[in-house]
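In our numbering, the protein residues as written are 116 to 270. Every residue gets a Cβ at the ideal spot worked out from N, C-alpha and C, and that includes glycine.
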């Protein structure tokens, strides 16, 4: 019985020691030790997150991100970034959060519910109108292969 108390006390001590480091400090340390090619985007995610935290009132500044904080952060990214910048930045932020969860800094992943997508960047395929197709079919190319021309027009 005494052994169980000692083990549970030591586990509690280790657990409380792990949770003394807040997420913002972990994020900074993660960025400092990061050496892959996307470090620039990780740094941008850190900068945007710190900018977002700075805009919050003092009584709402979290040391640990919650799901509601992350949703608000996604809205902030969508408002401040252009094109797919918000999505790219958020995906790197999720990468850091996942690492924090795996190292025990966060108990659960607050990014599960929040989604961030690129808006307005979908490619639209140009489609020829019926009139344009008839004009291209009537165009004489000379000694060109008509099958290849039809395949080009209708593809």
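Using only the alpha-carbon positions, how far apart do residue i and residue j sit?
i, j, result
"residue 249", "residue 264", "12 Å"
"residue 194", "residue 253", "49 Å"
"residue 213", "residue 186", "16 Å"
"residue 172", "residue 226", "22 Å"
"residue 222", "residue 168", "20 Å"
"residue 192", "residue 261", "51 Å"
"residue 266", "residue 244", "16 Å"
"residue 199", "residue 159", "13 Å"
Using a 10 Å radius around the Cβ and a threshold of 16 neighbouring Cβ atoms, would you call residue i buried or exposed?
i, result
"residue 242", "exposed"
"residue 103", "The requested residue 103 is not part of the displayed model; the chain covers only 116 to 270."
"residue 231", "buried"
"residue 233", "exposed"
"residue 204", "buried"
"residue 229", "buried"
"residue 269", "exposed"
Give the secondary structure of residue i by DSSP, where H, G and I count as helix, E and B as strand, and everything else as coil.
i, result
"residue 242", "coil"
"residue 249", "helix"
"residue 145", "helix"
"residue 150", "coil"
"residue 261", "helix"
"residue 169", "helix"
"residue 198", "coil"
First and last residue of the alpha helix (DSSP H) that includes residue i?
i, result
"residue 192", "182-195"
When you compare the segment 176-185 with the segment 141-152, are there three or more beta-carbon pairs, one atom per stretch, that lie closer than 8 Å? The segment 176-185 and the segment 141-152 do not touch, with fewer than 3 CB-CB distances between them shorter than 8 Å.
Cβ contact (3+ pairs, closer than 8 Å) linking the segment 157-172 and the segment 196-215:
Judged by pairs of C-beta atoms under 8 Å, the segment 157-172 touches the segment 196-215, as three or more such pairs exist.
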